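Report on the following structure.
Protein chains: 2
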Amino acid sequence: MKEYIPVLKRTRLFSGVGEEDIGAMLSCLGARLLTYRKGEYVLRQGEHLSDIVVLAEGCLHIQKDDYWGNRSILGQIGAGEIFGEAYVAPESGTLLNDVVAVENSAVFFFDVKRVISTCSSACRFHTMVAQNLFYAISEKNRGLVQKLDYISRRTTREKLIAYLSEEARKQNRAGFTIPFNRQQLADYLSVDRSAMSNELCRMRDEGLLEFEKNRFRLL
Amino acid sequence: MKEYIPVLKRTRLFSGVGEEDIGAMLSCLGARLLTYRKGEYVLRQGEHLSDIVVLAEGCLHIQKDDYWGNRSILGQIGAGEIFGEAYVAPESGTLLNDVVAVENSAVFFFDVKRVISTCSSACRFHTMVAQNLFYAISEKNRGLVQKLDYISRRTTREKLIAYLSEEARKQNRAGFTIPFNRQQLADYLSVDRSAMSNELCRMRDEGLLEFEKNRFRLL
DNA sequence: TCCTTTCCGTTGTAAAAACAACCGACTTGT
DNA sequence: ACAAGTCGGTTGTTTTTACAACGGAAAGGA
Numbered sequence: 047m048k049e050y051i052p053v054l055k056r057t058r059l060f061s062g063v064g065e066e067d068i069g070a071m072l073s074c075l076g077a078r079l080l081t082y083r084k085g086e087y088v089l090r091q092g093e094h095l096s097d098i099v100v101l102a103e104g105c106l107h108i109q110k111d112d113y114w115g116n117r118s119i120l121g122q123i124g125a126g127e128i129f130g131e132a133y134v135a136p137e138s139g140t141l142l143n144d145v146v147a148v149e150n151s152a153v154f155f156f157d158v159k160r161v162i163s164t165c166s167s168a169c170r171f172h173t174m175v176a177q178n179l180f181y182a183i184s185e186k187n188r189g190l191v192q193k194l195d196y197i198s199r200r201t202t203r204e205k206l207i208a209y210l211s212e213e214a215r216k217q218n219r220a221g222f223t224i225p226f227n228r229q230q231l232a233d234y235l236s237v238d239r240s241a242m243s244n245e246l247c248r249m250r251d252e253g254l255l256e257f258e259k260n261r262f263r264l265l
Numbered sequence: 047m048k049e050y051i052p053v054l055k056r057t058r059l060f061s062g063v064g065e066e067d068i069g070a071m072l073s074c075l076g077a078r079l080l081t082y083r084k085g086e087y088v089l090r091q092g093e094h095l096s097d098i099v100v101l102a103e104g105c106l107h108i109q110k111d112d113y114w115g116n117r118s119i120l121g122q123i124g125a126g127e128i129f130g131e132a133y134v135a136p137e138s139g140t141l142l143n144d145v146v147a148v149e150n151s152a153v154f155f156f157d158v159k160r161v162i163s164t165c166s167s168a169c170r171f172h173t174m175v176a177q178n179l180f181y182a183i184s185e186k187n188r189g190l191v192q193k194l195d196y197i198s199r200r201t202t203r204e205k206l207i208a209y210l211s212e213e214a215r216k217q218n219r220a221g222f223t224i225p226f227n228r229q230q231l232a233d234y235l236s237v238d239r240s241a242m243s244n245e246l247c248r249m250r251d252e253g254l255l256e257f258e259k260n261r262f263r264l265l
């Protein structure tokens with residue numbers, strides 16, 4: 047476990063906490079470290095979860111098989127990232143997805159009850175970890191609300207406008223770059239790539255915007 | 047402020063806390079109570095927010111005007127409900143929506159920093175309120191992930207299947223009722239009502255399911 | 001340099017959704 | 001009992017998307 051403390055130190059959850067303090071806190075947080083081989087399931091859809099999951103090493107996929115066996119990959123978890131925050135409330139429903147190791151991986155599990163109840167012993171930074179977790183969920187929440195705002199538009203054009211306007215506003219200038227290539231943007235907005243590419247060019251021809259690669263300018 | 051303590055007692059945030067303890071906690075949580083007349087803005091898109099908002103009385107709409115002035119209503123806040131959890135992280139982006147009073151309303155604002163940092167004085171239930179908030183966000187998060195899972199499907203049929211399967215699984219029986227009428231379900235899934243109604247009947251004719259009003263049975 | 005891969009625009013076709021409009025059943029209030 | 005409103009199904013038309021397939025440009029590696 048100790049060997050991963052430098053990794054933990056760089057995570058959102060332990061931001062602002064020193065390595066010695068992390069080491070001292072591990073038992074107090076009920077930390078468990080498990081390793082998985084490529085292809086193994088870390089969590090399964092339908093299970094209950096009462097731990098916050100932090101990936102120390104490797105790569106996980108969040109995926110779902112529908113009842114015809116079609117698999118869709120909803121997300122990826124890289125080293126240092128958190129998972130499970132949405133499922134740890136006492137009355138929470140079960141996991142909505144499978145989590146599978148796509149590389150050999152090392153995974154920390156922290157008992158959420160012990161994370162958010164400050165312990166009686168003298169963990170100086172326990173409160174900070176709890177707050178980090180709180181803020182992490184809060185920001186994830188905002189990201190979900192935003193994505194939902196884009197995706198709930200009816201047409202591809204509306205989705206693009208919603209996304210690009212927000213990105214322009216956020217970067218606060220006429221020209222801005224987006225962190226996606228075409229395929230990734232299409233996946234993010236849940237539309238077909240070629241249809242989206244089509245729509246983008248049509249909007250350009252109508253004089254609504256300009257673009258080159260992932261650099262855009264709204265007119 | 048005191049007159050709303052019975053209302054607060056029934057909220058998710060103060061669940062498990064007695065009225066006297068709530069009263070004692072109000073100042074310690076940095077509570078402010080503001081009233082709004084019907085039509086007034088409570089919060090505006092683009093603002094920063096560092097408070098958790100609890101509606102004590104009235105009704106608020108979460109809405110957004112796009113840059114052509116088209117207004118869309120994304121949600122409603124009823125008495126006792128919480129808002130703002132997605133925006134209170136220190137580095138969080140600004141509010142993505144307007145919040146408007148559609149009735150005369152009374153609104154509590156709680157400084158989020160004071161909610162999640164247990165105070166030095168002897169607020170016995172402060173920790174419980176912080177945990178309640180944490181779990182509330184966590185569950186809201188799960189709801190968003192789930193909705194996103196439905197809406198990101200390409201066709202109306204796929205959205206319906208995703209939603210109905212999950213609802214069947216959740217209620218754990220072949221027959222189940224949904225908490226929406228047709229228009230509300232269409233709004234929730236972000237599709238056209240008549241197109242959805244069409245698709246539902248087509249699925250029924252194909253023998254995939256049966257329904258009557260808001261009672262369904264998957265076959 | 002040559003080969004392979006990735007990225008992105010383009011086209012055509014088939015499928016699906018949006019939209020508008022209408023109807024009958026049922027509820028609700030007066 | 002009547003009028004008004006809500007709800008859900010249906011139809012037909014137009015718009016939009018998905019899908020498959022192709023080609024050229026650019027990037028990267030052997």
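Each protein sequence line maps, in turn, to chains A and B.
Counting from 1 along the first sequence, just add 46 to a position and that's the residue number in my numbering.
Counting from 1 along the second sequence, just add 46 to a position and that's the residue number in my numbering.
We put the beta carbon where it would ideally sit given N, CA and C, even for glycine.
Being a predicted model, the structure only gives us computed values, none of them experimental.
(message) Closer than 8 Å is the cut-off here; do at least three beta carbon pairs connect the region 153 to 161 of chain A with the region 68 to 81 of chain A?
(response) With a cut-off of 8 Å, the region 68 to 81 of chain A and the region 153 to 161 of chain A count as touching, because enough Cβ pairs lie within range.
(request) Tell me whether Thr202 of chain B is buried or exposed, calling it buried when 16 or more other Cβ atoms sit within 10 Å of its Cβ. (result) Burial call: buried.
(request) Mind checking which residues open and close the alpha helix (DSSP H) that includes Leu89 of chain A? (result) Segment 87 to 89 is the beta strand (DSSP E) holding Leu89 of chain A; no alpha helix (DSSP H) there.
(message) Beta-carbon within less than 8 Å of Arg170 of chain A's beta-carbon, same chain only, minus the 5 sequence neighbours each way: which residues are those?
(response) Here the set comprises Asp67.
(request) Pull up the distance between the alpha-carbon of Asp238 of chain A and that of Ser243 of chain B, whole angstroms please. (result) Between the alpha carbons of Asp238 of chain A and Ser243 of chain B lies a distance of about 25 Å.
(message) Helix, strand or coil, according to DSSP, for Gly221 of chain A in the structure here?
(response) Three-state result, Gly221 of chain A: strand.
(request) Would you check if there are 3 or more beta carbon pairs closer than 8 Å linking the region 99 to 108 of chain B to the region 138 to 154 of chain A? (result) Because the criterion of three Cβ pairs below 8 Å is not met, the region 99 to 108 of chain B and the region 138 to 154 of chain A do not touch.
(request) Pick helix, strand or coil for Asp144 of chain A, following the three-state DSSP scheme. (result) It is a strand residue.
(message) Would Val161 of chain A pass as an interface residue toward chain B - the criterion being a Cβ-Cβ separation below 7 Å?
(response) With 7 Å as the cut-off, Val161 of chain A does not count as an interface residue toward chain B.
(request) For Lys110 of chain B, write down the residues that DSSP places opposite it in a beta bridge. (result) Secondary-structure assignment with DSSP links Lys110 of chain B through a beta bridge to B:Ser118.
(request) Please report the Cβ distance between Leu80 of chain A and Met47 of chain A, rounded to the nearest whole angstrom; I am assuming they are in contact, meaning their Cβ atoms lie under 8 Å. (result) The pair is not a contact, with the Cβ atoms about 11 Å apart (cut-off 8 Å).
(message) Among the candidates B:Ser118, B:Phe154, B:Arg261, whose CA atom is the shortest distance from the CA of Val88 of chain B?
(response) Among B:Ser118, B:Phe154, B:Arg261, the Cα nearest to that of Val88 of chain B is on B:Phe154.
(request) Give the residues of chain B in contact with Ala132 of chain A, contact being defined as C-beta atoms less than 7 Å apart. (result) By Cβ distance, chain B contributes Ser184, Asn187, Arg188, Val191.
(request) Report the rounded CA-to-CA distance for Asn143 of chain A versus Ala241 of chain B, giving the unit in angstroms. (result) Cα to Cα, the separation comes out at about 29 Å.
(message) Please report the straight-line C-alpha distance between Lys259 of chain B and Phe226 of chain B, rounded to a whole angstrom.
(response) A direct Cα-Cα distance of roughly 10 Å separates Lys259 of chain B from Phe226 of chain B.
(request) Can you have a look at Ser118 of chain B and say buried or exposed, based on whether 16 or more other CB atoms are within 10 angstroms of its CB? (result) So Ser118 of chain B ends up on the exposed side.
(message) Quick check on DSSP: helix, strand or coil for Glu131 of chain B?
(response) If DSSP states are grouped into helix, strand and coil, Glu131 of chain B belongs with coil.
(request) Can you pull the chain A residues whose beta carbon is under 9 Å from the beta carbon of Thr173 of chain B, in chain order? (result) Neighbours of Thr173 of chain B on chain A, chain order: Ile162, Ser163, Thr164.
(request) Anything in chain B within Cβ reach of Ile197 of chain A, meaning under 8 Å, just list it in chain order. (result) Neighbours of Ile197 of chain A on chain B, chain order: Leu194, Ile197, Ser198, Ser236.
(message) According to DSSP, is Asp97 of chain B part of a helix, a strand, or is it coil?
(response) Correct three-state label for Asp97 of chain B: strand.
(request) Say whether chain A places a C-beta atom closer than 7 Å to the C-beta of Gln122 of chain B. (result) Gln122 of chain B does not count as touching chain A.
(request) Spell out a yes or no on whether the region 170 to 189 of chain B and the region 125 to 137 of chain B are touching, meaning 3 or more CB-CB pairs, one atom from each, closer than 8 Å. (result) Contact between the region 170 to 189 of chain B and the region 125 to 137 of chain B is present, because at least three Cβ pairs lie under 8 Å.
(request) Using DSSP bridges, identify the partner residues of Phe154 of chain B. (result) According to the DSSP secondary-structure assignment, Phe154 of chain B is paired through a beta bridge with B:Leu79, B:Val100.
(message) Going by beta-carbon coordinates alone, are Val63 of chain A and Ser96 of chain A separated by less than 7 Å?
(response) Not a contact, by the Cβ cut-off of 7 Å.
(request) Answer yes or no: does any C-beta atom of chain A fall closer than 7 Å to that of Ala135 of chain B? (result) It does: the Cβ of Ala135 of chain B has a partner Cβ on chain A nearer than 7 Å.
(message) Can you give me the C-alpha to C-alpha distance between Met264 of chain A and Leu265 of chain B, rounded to a whole angstrom?
(response) In the sequence on display, residue 264 of chain A carries Leu and not Met. Taking the straight line from one Cα to the other gives about 49 Å.
(request) Taking C-beta pairs closer than 8 Å, name the residues in chain B that Gln177 of chain A reaches, listed in chain order. (result) Those are Ile162, Ser163, listed as they occur along chain B.
(message) Using only CA atoms, which one of B:Leu106, B:Tyr50, B:Leu141 lies nearest to Arg83 of chain B?
(response) Closest option to Arg83 of chain B, Cα to Cα, is B:Leu106.
(message) Helix, strand or coil for Arg199 of chain A? Go by DSSP, reduced to three states.
(response) The answer is coil: DSSP assigns Arg199 of chain A none of H, G, I, E or B.
(request) Consult DSSP for Arg248 of chain A and reduce its assignment to one of helix, strand or coil. (result) Helix, per DSSP.
(request) Look up Arg228 of chain B in the DSSP assignment and say whether it is helix, strand or coil. (result) In this structure, Arg228 of chain B counts as helix in the three-state DSSP scheme.
(request) Tell whether a beta-carbon distance below 7 Å holds between Leu210 of chain A and Phe262 of chain A. (result) Taking 7 Å as the Cβ cut-off, Leu210 of chain A and Phe262 of chain A qualify as a contacting pair.
(request) Would you kindly check if the distance between the Cβ of Leu59 of chain A and the Cβ of Leu179 of chain A is under 7 Å? (result) Their beta carbons are under 7 Å apart, which means Leu179 of chain A touches Leu59 of chain A by this criterion.
(message) So the candidates are A:His172, A:Glu137, A:Gly92, A:Gln109; which of them puts its Cα closest to the Cα of Gly85 of chain A?
(response) Looking at the Cα atoms, A:Gln109 is the closest of the given residues.
(message) So Ser138 of chain A contacts chain B; which residues on that side make the cut at Cβ distance below 9 Å?
(response) Neighbours of Ser138 of chain A in chain B, taken as residues at a C-beta separation under 9 Å, are given in chain order as Tyr181, Ser184, Glu185, Arg188.
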